[in-house]
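The numbering of the sequence shown is our numbering, which starts it at 1133 and goes up by one.
Glycine included, C-beta positions come from ideal geometry on N, C-alpha and C.
Keep in mind it's a predicted model, so treat the numbers as computed, not measured.
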Amino acid sequence: MNTKLTTNEGQTWADNNHSQTAGERGPILMQDYQLLEKLAHFNRERIPERVVHAKGAGAKGTFKLTRDMSRYTKADLFHGEGKQTPILIRFSQVAGEAGYPDTLRDVRGFALRFYTQEGNYDIVGNNTPVFFVNDPLKFPDFIHSQKRDPVTHLRTQDMQWDFWSRSPESVHQVTYLMGDRGNPASYRTMNGYGSHTFKWVNEHGEQFWVKYHFVSKQGVKNMTNEQAAKTASTDTDFLIHDLYDAIERRDYPSWTVDVQILPYEEGLNYKYDIFDVTKTISKKDYPRIEIGEFTLNQNPANYFDEVEESAFSPANFVPGIEPSPDKLLQGRLFGYKDAERYRLGANYEKLPINRPINEVHNYERDGFMSQGQDGSVNYEPNSLHGPVEDNSARMHPDQLKGKTVYSKPYETDHYSQAGDLYRLMSADQKDRLIETINNTLGTVESEQVKILQTRQFYKADRDYGERVAKALGLPLDDIRE
Ligand code: HEM
1133 MNTKLTTNEG
1143 QTWADNNHSQ
1153 TAGERGPILM
1163 QDYQLLEKLA
1173 HFNRERIPER
1183 VVHAKGAGAK
1193 GTFKLTRDMS
1203 RYTKADLFHG
1213 EGKQTPILIR
1223 FSQVAGEAGY
1233 PDTLRDVRGF
1243 ALRFYTQEGN
1253 YDIVGNNTPV
1263 FFVNDPLKFP
1273 DFIHSQKRDP
1283 VTHLRTQDMQ
1293 WDFWSRSPES
1303 VHQVTYLMGD
1313 RGNPASYRTM
1323 NGYGSHTFKW
1333 VNEHGEQFWV
1343 KYHFVSKQGV
1353 KNMTNEQAAK
1363 TASTDTDFLI
1373 HDLYDAIERR
1383 DYPSWTVDVQ
1393 ILPYEEGLNY
1403 KYDIFDVTKT
1413 ISKKDYPRIE
1423 IGEFTLNQNP
1433 ANYFDEVEES
1443 AFSPANFVPG
1453 IEPSPDKLLQ
1463 GRLFGYKDAE
1473 RYRLGANYEK
1483 LPINRPINEV
1493 HNYERDGFMS
1503 QGQDGSVNYE
1513 PNSLHGPVED
1523 NSARMHPDQL
1533 KGKTVYSKPY
1543 ETDHYSQAGD
1553 LYRLMSADQK
1563 DRLIETINNT
1573 LGTVESEQVK
1583 ILQTRQFYKA
1593 DRDYGERVAK
1603 ALGLPLDDIR
1613 E
């Protein structure tokens, strides 16, 4: 037997198809409270979408540790071979809105949450190991250049290439984006990266620098430009479909979790600045160590509740894992929680999908949509045995020195690693890269933007620059400066 229809207040709902009128053909009555409530609730169904990464797909699963890392970090989730931790993942596009086709070329988000015994730990990364800019002041401008033109409301190649051509630190990531990884065949077949360098601290207070790599066990597979364009026109939600369907048919995708670990002092003196998120750390210098794997085996029971309302943040650490001074990461520590308070409200952390599995005790209270509060003491100090601090969770003290400066720590060598990436590509991959750059940069109106950008490719690798120049019809003398 069907359940009975009720209002949100639990009252029986008599008629869900015919509103009350004054007489058979008269106007609708104000007393038809059920109609008014239904229209009012409908008007409030949409919430602000994420300012970036608006479109995405989510799933749940389990992380299994296969190698004890207690030598390097006191974080409980990395202690004890075989330990299992529930996870939430959200894959996403960066630039387009929630309704935008998800197979159009873009970097893809790779946000991972571990629901640990010590609270939520989030790694909010991408499917590329580096980023376009390395100072948070440049992030809003960069994103504006990816979004819509303020006059035409169209997305344009002109804006993004204008920004990149004047931001040489972006050339490494632009090479990834214009290469094959800009069109993943599915979320299941892409790798993920924590991108930044993070700090691990062990029980003895020893510090290490760490990079995360999530390697797809399905293998990395990408689409051609033609496949991506065709898919975008036949199924705008192709990547969401693909992940959901795979999990429904129990073809559970999984990834290994690898880390690169650098001793503290060595990391500070590495040949590239390890806090510059436009650079990678060579596998030859610091090999990847496999420490575990995670598998996704559960689709969201409700997309809005478990994916749209999920709120990841690079500031969600657990004891034993800390931020590095990477300037972009430091900016992100503020950005996400602020965005989520705006997007979901002051009590977003109390939503079921964002609640940690351990108990929460503090002196924060009330606010819009607060729920589940008891009568426990709401101030400190108190004589009522309220929750107390745990000194073992203090961040490791760092020695700081220097004057306050508008610092430019990473303004050196933007090109070598972009060149290395180009030289690593096969002949076919290079052909596709040049074709994609030609299809996009080639449509830009400004000759100056084309020249500035091609000079960057040339500085990364002569062959790279010369091939782009040839494709765009630019005189070689212009790009050699
Ligand atoms: C989402 C800001 C750089 C990956 C977001 C959101 C904001 C933001 C405000 C939306 C959060 C929400 O509403 O829940 C920033 C700022 C950055 C930055 C200010 C630089 C200063 C990066 C970098 C990466 C990244 C370097 C990857 C390495 C992501 C991902 C999401 C996201 C994956 C989607 C999270 C989800 O699935 O909910 N970013 N971002 N962002 N960002 Fe960033």
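Run of the alpha helix (DSSP H) containing residue i, from where it starts to where it stops
i	result
Q1430	Per DSSP, Q1430 belongs to no alpha helix (DSSP H); it is in the beta strand (DSSP E), I1421 to Q1430.
V1600	R1594 to L1604
F1174	Y1165 to N1175
L1137	Where L1137 is concerned, there is no enclosing alpha helix (DSSP H), given that its DSSP letter is neither H nor E.
D1383	No alpha helix (DSSP H) holds D1383; DSSP gives it neither H nor E.
D1552	S1548 to L1556
Residues near residue i in its chain [Cβ-Cβ closer than 6 Å; skip 5 each side]
i	result
T1217	F1195, L1209, F1246 and T1248
N1354	D1312, N1315, P1316 and A1317
R1237	G1314 and N1315
T1235	A1360, T1363, A1364 and F1370
Simplified DSSP assignment, three categories, for residue i
i	result
W1145	coil
Y1495	coil
S1299	coil
T1366	helix
Q1225	strand
G1190	strand
V1643	This structure cannot settle anything about residue 1643, because the visible part of the chain is limited to 1133 through 1613.
L1394	strand
G1324	strand
R1473	helix
Q1505	coil
L1236	coil
I1611	helix
Q1216	strand
I1485	helix
F1589	helix
F1195	strand
Sequence-distant residues of the same chain with beta carbon closer than 7 Å to residue i, five excluded per side
i	result
P1451	K1206, A1207, E1250, S1524 and A1525
K1582	L1573, V1576, L1604 and L1606
T1288	D1281
I1611	I1583, T1586, R1587, Y1590, G1597 and A1601
P1446	D1254, V1256, L1461, R1464, L1465 and Y1468
P1097	Past the boundaries of the shown model lies residue 1097; the chain is included only from 1133 to 1613, so the question cannot be answered.
N1479	G1499, F1500, M1501 and S1502
Span of the beta strand (DSSP E) around residue i
i	result
N1252	G1251 to N1258
H1345	Q1339 to S1348
D1273	Premise fails: D1273 lies in the alpha helix (DSSP H), F1271 to Q1278, not in any beta strand (DSSP E).
E1454	I1453 to P1455
F1242	R1240 to T1248
K1331	F1330 to V1333
C-alpha gap between residue i and residue j, whole angstroms
i	j	result
S1348	Q1430	18 Å
T1153	V1183	43 Å
P1268	L1460	5 Å
K1279	G1314	17 Å
T1366	D1377	17 Å
D1200	L1220	22 Å
V1303	G1424	32 Å
T1536	Y1404	23 Å
K1192	D1294	39 Å
Q1503	P1541	45 Å
Y1308	G1534	35 Å
Per-residue burial, residue i [other beta carbons within 10 Å of its own, 16 or more giving buried]
i	result
E1301	buried
N1149	exposed
M1501	exposed
A1146	exposed
D1560	exposed
N1514	exposed
E1438	buried
G1257	buried
M1133	exposed
L1371	buried
V1239	buried
Y1474	exposed
Y1554	buried
L1171	exposed
Own chain, CB closer than 8 Å to residue i, minus 5 neighbours either side, in chain order
i	result
K1331	Q1339, F1340, W1341, V1342, I1453, E1454, P1455, S1456 and H1528
Q1392	V1342, K1343, H1345, I1413, K1415, Y1418, P1419, R1420 and I1421
L1167	S1151, Q1152 and I1160
L1112	No information on residue 1112 is available, as it lies outside the stretch 1133 to 1613 that the chain covers here.
T1388	F1346, V1347, K1349, E1422, G1424 and E1425
Closer than 8 Å: residue i CB and nearest the ligand ADP heavy atom
i	result
E1472	What this structure holds is the ligand HEM, not the ligand ADP.
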